[in-house]
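Participant: Could you have a look at this structure, given as structure tokens, before my questions?
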Amino acid sequence: MAGFNGKNGFASLAVGATLALAPYQGLKAADFGPELFQAVVKLVAEVPKDARSAQTLGTRREGNGVVIDDNGLVLTIGYLIVEAMAVTLEDHAGKSTAAEIVGYDHDTGFGLVRANAPLGVKPLRIGDSRKLEARDPVLVIGHGGPDATVAGVVMSRRLFAGYWEYMLERAIFTSPPHGNWGGTALIGKDGTLLGIGSLFVNDAADRASQISGNMFVPIDLLKPIMGDLLSAGRPSGAPRPWLGMLSTDQFGVVLVTRVTPDAPAHKAGLRPGDVVVAVRDKPVKSVEAFYRALWASGEAGVEVPLTVMRQSGAIEVVVKSASRYDFMQFRRTF
């Protein structure tokens, strides 16, 4: 994935300006031994051309993964492996190893794969991301050792509502950005894993800022679902209702920007440019409010009444929701 080099000047200046009001001592890659960096591997996933996610995420996806146990279990960001038919890992010495897909959780965004042969590296220890706060120093490590590592700082902990029916209550935002952020390891001062890299953002400090950085999924979200991912490939319990549309906040309304072909929203007649103003007659003025109302409607499969504004006026649309897992045809190969 393309992005900014974490060592570029303007990003570093932005961080410096933000931290100028308080003493700050950052982390350095040189303070840690080689084992820390060797635990981050390159991950390449091959996805069929007819996969539903191929159009938006591509058929060849490259990023990073983090070794988290002695048996080759690798944690990554889920969009790299969703609907993949083959995964390959590359270690610090350039050796490639095939891997099996173990699990995927859409609600957090985590994905798990397991190497088919020993990786010969010491796994990273899982840390406690609940204690991580703004101004804490961190390292963001990608495959490639210290040269692929960015020394940064936590800019904020806050809610993140993604346009693809995804939300985290306390996402981790850091700066400066890592140029190859997908699946990177977020490391705290004690050398433990605190998060997995997901996105490049332009508002790392807050939604009104112009500070570039990365968004990370907190590692503590993995702990309650780890057993389910290992045993069944996905969390237990009924999945959330999913509509299959992209939406964004715009001037106090929820604007539909894209509708996934053949998804529930598409079948119900929703289209780009629609404005969702209510769910079950409850007004919604933000993507966050929209998601909370949608997910409070029940389990996947529930019918969701929406009030939608178009140029012609308000209309009522009932969308029969679905499970994203069924629609995306997640392949567990382990």
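The working numbering runs 761 ahead of the 1-based position in the sequence shown.
Ideal Cβ placement from N, Cα and C applies to all residues, glycine included.
#1: Could you spell out the range, first to last residue, of the beta strand (DSSP E) harbouring Asp1010?
#2: Below 7 Å CB to CB, which residues in the same chain sit around Glu930 once its five sequence neighbours on both sides are set aside?
#3: Straight-line CA distance for Ile862 to Val848?
#4: Please classify Lys856: does DSSP put it in a helix, a strand, or coil?
#5: Under the three-state reduction of DSSP, which class applies to Thr817: helix, strand or coil?
#6: Could I get the ranges of all uninterrupted alpha helix (DSSP H) runs contained in the segment 993-1079, with 4 residues as the minimum, in chain order?
#7: What do you reckon, are the CB atoms on Leu982 and Leu885 nearer than 9 Å?
#8: Going by C-alpha to C-alpha distance, which of Tyr865, Ala854, Ser857, Ile829 sits closest to Tyr840?
#9: From Leu782 to Phe961, what distance separates their C-alpha atoms?
#10: In this structure, how does DSSP classify Glu861 when only helix, strand and coil are distinguished?
#11: Which value, in whole angstroms, describes the spacing of the CA atoms of Gln1011 and Arg968?
#12: Have a look at Ser1008 and Met1070 and give me their C-alpha separation to the nearest angstrom.
#13: List, from N- to C-terminal side, the alpha helix (DSSP H) runs of 4 residues or more that fit wholly inside the segment 931-996.
#14: Check whether the Cβ atoms of Gly1120 and Ser890 sit closer than 9 Å, and answer yes or no.
#15: Enumerate, from N- to C-terminal direction, the unbroken beta strand (DSSP E) stretches of 3 or more residues contained entirely within the segment 894-924.
#16: Grouping DSSP H, G and I as helix and E and B as strand, with all else coil, what is Leu929?
#17: Mapping DSSP to helix, strand and coil, what is Phe798?
#18: What number of angstroms, rounded off, separates the C-alpha of Val828 from the C-alpha of Glu926?
#19: Does the segment 896-913 come into contact with the segment 789-796, if we say contact requires no fewer than three beta-carbon pairs (one atom in each stretch) closer than 8 Å?
#20: When you compare the CB positions of Val1045 and Leu1031, do they come within less than 9 Å of one another, or not?
#21: Secondary structure at Ala878, three-state DSSP: helix, strand or coil?
#22: Which of helix, strand or coil does DSSP assign to Gly839?
#23: Under 6 Å Cβ to Cβ from Arg1108, same chain only, skipping five residues before and after it: list those, please.
#24: Can you give me the Cβ contacts of Ser814 inside the same chain, cut-off strictly under 8 Å, excluding the 5 residues immediately before and after it?
#25: With Thr945 and Gly905 assumed to form a contact (beta carbons below 8 Å), what rounded beta-carbon distance in angstroms separates them?
#26: Assign Arg1121 to one of three DSSP states: helix, strand, or coil.
#27: Hey, would you say Val835 sits closer than 9 Å to Val802, going by beta carbons?
Facilitator: A quick look at the data gives this:
#1: As a position in the sequence shown, residue 1010 is number 249, starting the count at 1. Where Asp1010 is concerned, the enclosing beta strand (DSSP E) stretches over 1006-1011.
#2: For the purposes of this step, residue 930 is identified with residue 169 of the sequence shown, where counting begins at 1. Only Leu920 meet the Cβ criterion.
#3: Taking the first residue of the sequence shown as 1, we reach residue 862 at position 101. Taking the first residue of the sequence shown as 1, we reach residue 848 at position 87. The alpha-carbon atoms of Ile862 and Val848 are separated by roughly 7 Å.
#4: On the sequence shown, residue 856 is found 95 positions in, with the first residue counted as 1. Three-state result, Lys856: coil.
#5: For the purposes of this step, residue 817 is taken as the residue at position 56 of the sequence shown. In this structure, Thr817 counts as helix in the three-state DSSP scheme.
#6: 1025-1028, 1048-1056
#7: Residue mapping note: residue 982 aligns to position 221 of the sequence shown, counting from 1. Residue mapping note: residue 885 aligns to position 124 of the sequence shown, counting from 1. The answer is no: Cβ separation not under 9 Å.
#8: If you number the sequence shown from 1, residue 840 lands on position 79. Of Tyr865, Ala854, Ser857, Ile829, the residue nearest in Cα terms is Tyr865.
#9: For this step, residue 782 is matched to residue 21 along the sequence shown. For this step, residue 961 is matched to residue 200 along the sequence shown. At Leu782 the pLDDT is 37, less than 50, meaning the model places this residue with poor confidence and gives no usable figure here.
#10: Locating residue 861 in the sequence shown gives position 100, where the first residue counts as 1. Correct three-state label for Glu861: strand.
#11: As a first step, residue 1011 must be located in the sequence shown, where it is residue number 250. As a first step, residue 968 must be located in the sequence shown, where it is residue number 207. Cα to Cα, the separation comes out at about 13 Å.
#12: Taking the first residue of the sequence shown as position 1, residue 1008 is located at position 247. Taking the first residue of the sequence shown as position 1, residue 1070 is located at position 309. C-alpha separation (whole angstroms): 14 Å.
#13: 987-993
#14: No statement about residue 1120 is possible, as the shown extent of the chain runs from 762 to 1095 and does not include it.
#15: 898-902, 910-923
#16: Numbered from 1 along the sequence shown, position 168 holds the residue referred to as residue 929. Leu929 falls in the strand class under three-state DSSP.
#17: By 1-based counting over the sequence shown, the position of residue 798 is 37. It is helical.
#18: Residue 828 sits at position 67 when you count from the first residue of the sequence shown. Residue 926 sits at position 165 when you count from the first residue of the sequence shown. When rounded, the distance between both Cα atoms is 28 Å.
#19: yes
#20: Locating residue 1045 in the sequence shown gives position 284, counting from the first residue. Locating residue 1031 in the sequence shown gives position 270, counting from the first residue. No; because the gap between Cβ atoms is not below 9 Å, this pair is not in contact.
#21: For the purposes of this step, residue 878 is taken as the residue at position 117 of the sequence shown. Residue state, collapsed to three classes: coil.
#22: Residue numbering aside, residue 839 sits at position 78 when the sequence shown is read from its first letter. If DSSP states are grouped into helix, strand and coil, Gly839 belongs with the helices.
#23: There is simply no residue 1108 to check, as the chain begins at 762 and stops at 1095 in what is shown.
#24: One-based indexing of the sequence shown puts residue 814 at position 53. Once the five neighbours on either side are set aside, the close Cβ partners of Ser814 are Val808, Tyr840, Val843, Glu844, Met1089.
#25: Translated into the one-based positions of the sequence shown, residue 945 becomes position 184. Translated into the one-based positions of the sequence shown, residue 905 becomes position 144. That belief does not hold up - the Cβ atoms of Thr945 and Gly905 are roughly 11 Å apart, past 8 Å.
#26: Residue numbering for the chain in the displayed model covers 762 to 1095; residue 1121 lies beyond these limits and cannot be assessed.
#27: Indexing the sequence shown from 1 puts residue 835 at position 74. Indexing the sequence shown from 1 puts residue 802 at position 41. Yes, Cβ-Cβ distance for Val835 and Val802 is below 9 Å.
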